[in-house]
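To start, the structure itself, in structure tokens.
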Amino acid sequence: MVEILQDNGIVVSLEDAREDIATYLSTLTHDHFMLQHLMEQTEKNQRSEKVVSVVLDASLSNEDLANSIAELRRMREGTYREIYTPRLESEGAKIPIHYEEMDFGKTRLMQRREKRAEIQVELEGDKVVIRSPASEKGGEIVKDFIAAIESAKKIQISTRKVELSGITSPKLRTQFFTSLIDNLEDFVVTDVKSINIDRELPTLEVEEEDESEKKAQFSGEVRRALLDGSGVIYSPEFKRFTNSGFYICKIEWIAMNTSGVGSKYEFEASLENPAEGTGFKYTVKGKYNQRQSGEFSAGRHGIDDAEKRRLLNLLEKAAWKSLETLAQ
Numbered sequence: 255m256v257e258i259l260q261d262n263g264i265v266v267s268l269e270d271a272r273e274d275i276a277t278y279l280s281t282l283t284h285d286h287f288m289l290q291h292l293m294e295q296t297e298k299n300q301r302s303e304k305v306v307s308v309v310l311d312a313s314l315s316n317e318d319l320a321n322s323i324a325e326l327r328r329m330r331e332g333t334y335r336e337i338y339t340p341r342l343e344s345e346g347a348k349i350p351i352h353y354e355e356m357d358f359g360k361t362r363l364m365q366r367r368e369k370r371a372e373i374q375v376e377l378e379g380d381k382v383v384i385r386s387p388a389s390e391k392g393g394e395i396v397k398d399f400i401a402a403i404e405s406a407k408k409i410q411i412s413t414r415k416v417e418l419s420g421i422t423s424p425k426l427r428t429q430f431f432t433s434l435i436d437n438l439e440d441f442v443v444t445d446v447k448s449i450n451i452d453r454e455l456p457t458l459e460v461e462e463e464d465e466s467e468k469k470a471q472f473s474g475e476v477r478r479a480l481l482d483g484s485g486v487i488y489s490p491e492f493k494r495f496t497n498s499g500f501y502i503c504k505i506e507w508i509a510m511n512t513s514g515v516g517s518k519y520e521f522e523a524s525l526e527n528p529a530e531g532t533g534f535k536y537t538v539k540g541k542y543n544q545r546q547s548g549e550f551s552a553g554r555h556g557i558d559d560a561e562k563r564r565l566l567n568l569l570e571k572a573a574w575k576s577l578e579t580l581a582q
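Mapping of the sequence shown onto the working numbering: residues 255 to 582, in sequence order.
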């Protein structure tokens with residue numbers, strides 16, 4: 255948006271408030287294509303799309319990957335009216351996918367919406383990491399992509415995901431998330447903004463006979479809760495909930511980069527299905543730039559695709575490290 259204003263002779267700063275920038279933009283005349291571009295940019299910044307990943311225990315060459323992508327396109331492009339524009343890289347690939355989706359909440363002329371998803375593939379020696387949007391569409395594409403890889407390689411491939419389904423201890427589930435935010439390489443946690451907690455588990459543990467009636471009543475009345483505010487993880491309310499059998503199922507935190515420029519980044523990690531411990535998803539919501547004065551910008555800024563991809567990779571490694579620690 256700043257670039258658009260500057261192209262029209264209006265000089266603004268990245269530090270200006272969004273409301274002021276929006277006011278300046280509203281004084282300009284926009285054609286249909288520019289309006290579409292503005293809508294895409296604002297939706298992209300607001301959405302902070304969450305992603306999921308799956309690890310394939312297999313070694314793929316660049317040729318194997320290219321053949322698998324070609325097979326995926328053969329399987330889906332015509333049937334699901336999807337357009338694939340893959341870009342092969344030295345150690346993986348980016349696969350942008352354009353498709354249409356019906357939105358019945360809109361008027362009839364606007365119900366058909368153009369949407370975009372991106373599958374990222376990283377080749378890491380004897381394993382392959384596939385990252386995709388945390389959506390039904392993303393899950394369907396990845397499922398077919400794995401089938402395409404198996405077809406190209408003519409082998410059956412085992413897969414792994416970060417899941418807490420085998421962990422029924424509320425304490426250990428909470429430990430997974432607290433370890434995750436501390437295990438992020440080259441980052442130090444500066445604040446925890448919000449925490450979602452839940453007490454549903456796939457198999458309920460037997461209560462101790464000497465458990466107080468007050469604790470039982472408290473747990474029985476509340477099934478899940480959101481704790482919001484700076485330093486919430488150190489609050490007495492959080493301690494009270496965790497002492498009553500609740501566990502973290504979603505966490506949003508801010509961490510400072512300890513290498514290079516000292517920017518602060520906002521992250522999020524959660525379980526789509528807390529009771530089952532499945533559907534682990536995560537995202538980088540943006541960053542807070544450090545000014546020359548040493549203070550940080552009040553507003554959150556977006557990050558480019560390359561930086562986001564690097565940070566998502568760090569999040570994945572931190573999650574696996576936390577999960578492996580619990581298994582020891």
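A virtual CB, placed ideally from N, CA and C, is assigned to each residue, including glycine.
Unbroken beta strand (DSSP E) run spanning residue i, endpoints
i, result
"residue 315", "That residue, residue 315, is in no beta strand (DSSP E); it is neither H nor E in DSSP."
"residue 539", "532-542"
"residue 581", "Where residue 581 is concerned, there is no enclosing beta strand (DSSP E), although the alpha helix (DSSP H) it sits in stretches over 559-581."
"residue 411", "Here residue 411 belongs to no beta strand (DSSP E), and DSSP marks it neither H nor E."
"residue 479", "478-482"
"residue 346", "346-356"
"residue 421", "No beta strand (DSSP E) contains residue 421, which DSSP labels as neither H nor E."
"residue 526", "518-527"
"residue 448", "441-452"
"residue 546", "Per DSSP, residue 546 belongs to no beta strand (DSSP E) and is neither H nor E."
"residue 371", "366-378"
"residue 511", "501-511"
"residue 382", "381-387"
"residue 341", "341-343"
Buried versus exposed call for residue i [16 or more other C-beta atoms within 10 Å across all chains shown]
i, result
"residue 480", "exposed"
"residue 628", "For residue 628 there is no data in the structure shown, the boundaries of the chain being 255 and 582."
"residue 491", "exposed"
"residue 513", "exposed"
"residue 537", "buried"
"residue 610", "Nothing about residue 610 can be read from this structure; the chain reaches only from 255 to 582."
"residue 265", "exposed"
"residue 506", "buried"
"residue 267", "exposed"
"residue 271", "exposed"
"residue 560", "exposed"
"residue 570", "buried"
"residue 409", "exposed"
"residue 392", "buried"
"residue 369", "exposed"
"residue 397", "exposed"
Sequence-distant residues of the same chain with beta carbon closer than 7 Å to residue i, five excluded per side
i, result
"residue 528", "452, 454, 503"
"residue 510", "441, 442, 444, 516, 518"
"residue 261", "none"
"residue 495", "451, 479"
Where the alpha helix (DSSP H) through residue i begins and ends
i, result
"residue 398", "390-407"
"residue 276", "272-280"
"residue 433", "424-436"
"residue 494", "490-497"
Chain-order list of residues whose beta-carbon lies under 6 Å from that of residue i (same chain, five-residue window excluded)
i, result
"residue 445", "484, 508"
"residue 532", "417, 419"
"residue 399", "326"
"residue 376", "346, 383"
"residue 336", "330, 351, 353"
"residue 403", "322"
"residue 313", "380"
"residue 317", "none"
"residue 302", "537, 539"
"residue 339", "350"
"residue 437", "572, 575, 576"
Contacts around residue i, its chain only, beta-carbon distance under 8 Å, and the 5 residues preceding and following it disregarded
i, result
"residue 421", "427, 430, 531, 580"
"residue 489", "481, 483"
"residue 477", "452, 453, 454"
Chain B contact for residue i (CB, 8 Å cutoff)
i, result
"residue 524", "Reference to chain B is not applicable here, since this structure consists of a single protein chain."
Original post:
Do three or more CB pairs link the segment 364-384 to the segment 508-521 at distances below 8 Å?
Top reply: no
Original post:
Do the segment 317-331 and the segment 344-357 touch if we need at least three Cβ pairs shorter than 8 Å?
Top reply: yes
**OP:** Please determine if the segment 408-426 and the segment 308-323 are in contact, where contact requires at least 3 C-beta pairs separated by less than 8 Å.
**Re:** yes
**OP:** Say whether the segment 273-285 touches the segment 333-348, bearing in mind that this needs 3 or more beta-carbon pairs closer than 8 Å, one atom from each stretch.
**Re:** no
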